[in-house]
Amino acid sequence: PSTIKKSNNNNDVSPISKILGPFEKLKWKQIYKGFNEYSPNIEDSDEIKIIKMDPGISVPLHSHGGKEYILVLSGSFCDEYGQYNAGDIQINDQKIKHTPIACKNEGCICLSITENDAIFFGRFGSFLNLFTFIRSFFK
Numbered sequence: 687p688s689t690i691k692k693s694n695n696n697n698d699v700s701p702i703s704k705i706l707g708p709f710e711k712l713k714w715k716q717i718y719k720g721f722n723e724y725s726p727n728i729e730d731s732d733e734i735k736i737i738k739m740d741p742g743i744s745v746p747l748h749s750h751g752g753k754e755y756i757l758v759l760s761g762s763f764c765d766e767y768g769q770y771n772a773g774d775i776q777i778n779d780q781k782i783k784h785t786p787i788a789c790k791n792e793g794c795i796c797l798s799i800t801e802n803d804a805i806f807f808g809r810f811g812s813f814l815n816l817f818t819f820i821r822s823f824f825k
């Protein structure tokens, strides 16, 4: 993956929260225990979400059928390719498989833009892909 590291400009309020409001007041949708999403009402062909992961929570091994852009808004996460802190951007293509894990101390909140749905691998990959397929009808 490509990584862009943040500048040392320490602003307390992210530009995203200036648009959407404070993260703690968003109407989060729980996807599974410790993993929540907020989908802003933005018309776009790509999927745009704010993702909140509690400390130590992970996303199963996955890839995407296109690009995935992740901007860390607060906290941090790590995967097979490194650690990403507030202000860092990770850009993945369809060849990258990863298992993001939120920082054990504070978790993380990220802006995620994906061109296509996740493709899961591993023990529960088939089940998760079926769930993702069914969920796509309700977007």
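The working numbering puts the first residue of the sequence shown at 687, with every later residue one more than the last. Virtual Cβ for every residue (Gly too), placed ideally from N, Cα, C. Predicted model only: the values in this text are computed from it and were never measured.
Checking 7 Å against the spacing of the C-beta atoms, do residue i and residue j come in under that value?
{"i": "phenylalanine 807", "j": "leucine 747", "result": "yes"}
{"i": "proline 702", "j": "leucine 759", "result": "Checking the displayed sequence, the identity of residue 702 turns out to be isoleucine instead of proline. Yes, they are a contact pair."}
{"i": "isoleucine 828", "j": "alanine 788", "result": "Nothing can be reported for residue 828, as the shown portion of the chain is limited to 687 through 825."}
{"i": "cysteine 794", "j": "phenylalanine 813", "result": "no"}
{"i": "glutamate 766", "j": "histidine 750", "result": "no"}
{"i": "serine 725", "j": "lysine 713", "result": "no"}
For residue i, count the other beta carbons within 10 Å of its own beta carbon; 16 or more makes it buried, fewer makes it exposed. Which is it?
{"i": "glycine 707", "result": "exposed"}
{"i": "tyrosine 718", "result": "exposed"}
{"i": "leucine 816", "result": "exposed"}
{"i": "aspartate 730", "result": "exposed"}
Any idea what DSSP makes of residue i, helix, strand or coil?
{"i": "isoleucine 705", "result": "helix"}
{"i": "isoleucine 737", "result": "strand"}
{"i": "glutamate 792", "result": "coil"}
To the nearest whole angstrom, what separates the beta carbons of residue i and residue j, a pair I think is in contact under 8 Å?
{"i": "glutamate 792", "j": "glycine 761", "result": "4 Å"}
#### Entry: Three or more C-beta pairs below 8 Å linking the region 735-742 and the region 776-784
no
### Query
Hey, is the region 792-808 in contact with the region 748-755, meaning 3+ C-beta pairs nearer than 8 Å?
By the Cβ criterion, the region 792-808 is in contact with the region 748-755, since at least three pairs of Cβ atoms, one from each stretch, lie closer than 8 Å.
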